[in-house]
Amino acid sequence: MLACLVASFILYNVSKTLWGTIEVFLQSAPKDFNESVFVNKAKKLQKVLDIHDLHVWSLDGEKHVMSLHVVVDNTFSFESEFDGLLDSLRLLVPTTGKYHITIQTEFLQKEPEADKC
Ligand SMILES: [Zn+2]
Numbered sequence: 000m001l002a003c004l005v006a007s008f009i010l011y012n013v014s015k016t017l018w019g020t021i022e023v024f025l026q027s028a029p030k031d032f033n034e035s036v037f038v039n040k041a042k043k044l045q046k047v048l049d050i051h052d053l054h055v056w057s058l059d060g061e062k063h064v065m066s067l068h069v070v071v072d073n074t075f076s077f078e079s080e081f082d083g084l085l086d087s088l089r090l091l092v093p094t095t096g097k098y099h100i101t102i103q104t105e106f107l108q109k110e111p112e113a114d115k116c
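Every letter in the sequence shown is one number past the one before it in numbering that gives the first Met the number 0, and letter 26, counting from 1, is 25.
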C-alpha cells in the first residue's frame, strides 16, 4: 500500500515536470502571461493606438521572448520616446522570468491597404 502511494507521488511529479518540458518544446506562452490583459493595458499607454501581431513564448520556462507591433500616433518620437515605451511595456509583463521584447513600431496609416503588415 505504501509503495503504491510512493509510486503515485513519483509518477505525479514526473508527469508534472514532463508536461512543463513539453510546454517549453512547444514554445507555449508563460503560464502567468495574460495576453488580453497585456494588450488592454498597453493600448492605454500614451501615444499607443493599437497592438497587434503579439507573440510570446518561453525559451526555457524562465527566459521569455515577446514580439509585437505597436501602432503609435504620428507625434511619437523615436529619439525621445522609444525607450519610455519599451520601459512601459516591460512594466506590463509578469515579473516572473525575464522578457526579451522586440517591438516593431508603426505609425497610423491613412490608406486602408496600408493597415496590413
Ligand atoms: Zn503591424
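C-beta atoms are modelled at their ideal positions from N, C-alpha and C, and glycine is treated no differently.
Residue nearest to residue i in terms of C-alpha spacing, selected from the options
i: Asp-72; options: Leu-90, Lys-42, Thr-101, Trp-56; result: Lys-42
i: Asp-31; options: Leu-48, Trp-56, Leu-44; result: Trp-56
i: Pro-29; options: Asp-49, Leu-44, Lys-40, Glu-61; result: Glu-61
i: Glu-78; options: Ile-100, Ser-66, Thr-104; result: Thr-104
Separation of residue j from residue i, as counted between CA atoms
i: Glu-22; j: Ile-9; result: 20 Å
i: Phe-106; j: Val-70; result: 5 Å
i: Val-38; j: Ala-6; result: 44 Å
i: Pro-93; j: Val-36; result: 11 Å
i: Leu-58; j: Met-0; result: 40 Å
i: Asn-33; j: Leu-91; result: 10 Å
i: Leu-17; j: Leu-88; result: 32 Å
i: Ile-102; j: Lys-15; result: 34 Å
For residue j and residue i, believed in contact at Cβ under 8 Å, the rounded distance
i: His-68; j: His-54; result: That belief does not hold up - the Cβ atoms of His-68 and His-54 are roughly 10 Å apart, past 8 Å.
i: His-63; j: Gly-96; result: 5 Å
i: Glu-80; j: Lys-46; result: 7 Å
Residues that DSSP places opposite residue i in a beta bridge
i: Tyr-98; result: His-63
i: Val-5; result: Val-5 is not bridged to any residue.
Local Cβ density within 10 Å of residue i, reported as buried at 16 or more and exposed below that
i: Leu-84; result: buried
i: Tyr-98; result: buried
i: Val-13; result: exposed
i: Phe-75; result: buried
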